Every structure is written in structure tokens, then in C-alpha cells.
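Sequence positions in the sequence shown follow the numbering used here and run 2 to 198.
Every residue gets a Cβ at the ideal spot worked out from N, C-alpha and C, and that includes glycine.
Keep in mind it's a predicted model, so treat the numbers as computed, not measured.
Worksheet: one structure, shown below.
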Amino acid sequence: MGSSVSTASGFSKATGRPIIAFIGDSTFFHSGITGLINAVHNNHKLTLVILDNETTAMTGHQPHPGVDMTLLGQPNTRISIEEVVRGAGVKQLTVVSPRKVKETMEAVKKSIAFDGVSVIISKEICPLYAKRVAPPAKARAFMVNQNRCKNHRDCVNLFACPAFYVEDNQVKINDNLCIGCAVCAQVCPEKAIIPKK
Ligand code: SF4
2 MGSSVSTASG FSKATGRPII AFIGDSTFFH SGITGLINAV HNNHKLTLVI
52 LDNETTAMTG HQPHPGVDMT LLGQPNTRIS IEEVVRGAGV KQLTVVSPRK
102 VKETMEAVKK SIAFDGVSVI ISKEICPLYA KRVAPPAKAR AFMVNQNRCK
152 NHRDCVNLFA CPAFYVEDNQ VKINDNLCIG CAVCAQVCPE KAIIPKK
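See below:
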């Protein structure tokens, strides 16, 4: 709950190695801003990834200062995370969609190489929250083409999407859990993950 930034500061000083910290959007407002300002002020070298899913997902979708509505549904003034980060003196900031794997990887490499505090805002609405407030049209689920799959299970062990499972020694995707985000298709090296017809 907010300690990632200040812990990363400590690791960056103690190890001299590239450090990456993660924080959610609501926790960033709650207690992450102070650590970020401290890191910039002290010239620490770290990358902070702010996971901006437009809600407080961990505790049940409560609003936070980065969204438009209060808890009672009244319109409120939205505070831009991007502007707060720039206002804290961060010179290297990238906003990415985590659904675009290549773009996100490039942002990570560029941020790690930066000599100072860098921030990546990874912006994508929480799928469960999106279902509640504005249900998206059901995207096409994905499936594993067993003729192409080499069964090395990078998708299960490294990507670890909860829609994946193993049955009869084959990797499969549960239609009911797949939201059709297409990230798995980008990470499979064999191009074995395809949209269902
Ligand atoms: S990463 Fe692709 S090829 Fe490897 S097990 Fe998963 S679906 Fe099969």
C-alpha cells in the first residue's frame, strides 16, 4: 500500500542496479506521491509503473481522485496522474496500454535506461469494473490451435492469465474467463493463440 516507491528508492541506493516498482492508481494518490517526490528530490534511479485501471480494484471498485465520480455518484474534479507526475519533477514519463505488448516493452527498456526517476502509466480500465459501469460488447474469445502449440507453456507459467488451463496435457482457454484482450496472442512465440471463429 504505497511502500513500493520508497522501498525502490532504498534498493536503488543500496544496490546501484535498475529498480522497477509497481503501484496502483488509487494507492498512488493515497501514499505514493510522497515517495515519488522524495525519489526525484534525491536523484534516485528507479522506474515506477503506475497501474491505472480507473478504480480501486483491490477493495471493491471504490473511486479515487483520478476518476470523475465520488462514492455517492456525484461528479467531481478529476486529478490527472500524468500532471501530478510531471508536477513532481519526473522528466521521463510514458503512458502505455498494457494490451500493446511491444509498445509496453519498449517503454520499459527506455525507462530503465533513463538516468533518474522514470514513470510508466499503464492505462487500461479494470475489466470487472468495466463490466459493471459500461458493459463492453463481448469480444471474441481466443483459443489455442493445437496443431501449432509446442506445449512449452510460457502462456501458463509466465503470462499466467487465469483463463488458461491444462487438460489432457494440452493448454486450453476458458471461454467464460477470456475477455478477448489479445495479449496472449502477442506473447505466444508459436503464434498458436488465435481468435475463435
Ligand atoms: S505459449 Fe503458445 S505454443 Fe507455448 S504452450 Fe502456450 S499456446 Fe502453446
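Legend entry - Integer-rounded CB distance, given that Ala-135 should sit under 8 Å from Lys-197: On the sequence shown, position 196 is the one that residue 197 refers to. On the sequence shown, position 134 is the one that residue 135 refers to. Not really, about 24 Å apart at Cβ, beyond 8 Å.
Inset, instruction - Report whether the distance from the Cβ of Ala-186 to the nearest heavy atom of the ligand SF4 is below 7 Å. - result: In the sequence shown, the residue the question calls residue 186 occupies position 185. No, Cβ of Ala-186 sits at least 7 Å from all heavy atoms of the ligand SF4.
Legend entry - the ligand SF4 site residues, beta-carbon cut 6 Å against heavy atoms: Any heavy atom of the ligand SF4 within less than 6 Å of a residue's beta carbon puts that residue on the list, which reads Val-145, Cys-150, Lys-151, Asn-152, His-153, Arg-154, Asp-155, Cys-156, Val-172, Cys-189, Glu-191, Ala-193, Ile-194.
Inset, instruction - Have a look at Met-59 and Ser-7 and give me their C-alpha separation to the nearest angstrom. - result: To locate residue 59, count along the sequence shown from 1; it is residue 58. To locate residue 7, count along the sequence shown from 1; it is residue 6. Cα to Cα, the separation comes out at about 21 Å.
Inset, instruction - Please name the residue in Gly-90, Pro-190, Ser-112, Cys-182 whose C-alpha comes closest to that of Val-96. - result: For this step, residue 96 is matched to residue 95 along the sequence shown. The shortest C-alpha separation from Val-96 is found at Ser-112.
Legend entry - the segment 150 to 167 contacting the segment 65 to 81, beta-carbon criterion three pairs below 8 Å: By the C-beta criterion, the segment 150 to 167 is judged not to be in contact with the segment 65 to 81, since fewer than 3 inter-stretch pairs fall below 8 Å.
Inset, instruction - Please report the Cβ distance between Gln-93 and Ser-123, rounded to the nearest whole angstrom; I am assuming they are in contact, meaning their Cβ atoms lie under 8 Å. - result: Counted from its first residue, the sequence shown places residue 93 at position 92. Counted from its first residue, the sequence shown places residue 123 at position 122. Going by Cβ atoms, the distance from Gln-93 to Ser-123 rounds to 15 Å, so no, they are not a contact pair.
Inset, instruction - Just mark Ser-27 as buried or exposed, buried being the case when its beta carbon has 16 or more other beta carbons within 10 Å. - result: Here the question's residue 27 lines up with position 26 in the sequence shown. Per the 10 Å Cβ criterion, buried.
Legend entry - Buried or exposed (CB count within 10 angstroms, at least 16 for buried), Gly-88: As a working note, residue 88 is residue 87 in the sequence shown. Counting of Cβ neighbours within 10 angstroms places Gly-88 among the exposed residues, the total staying below 16.
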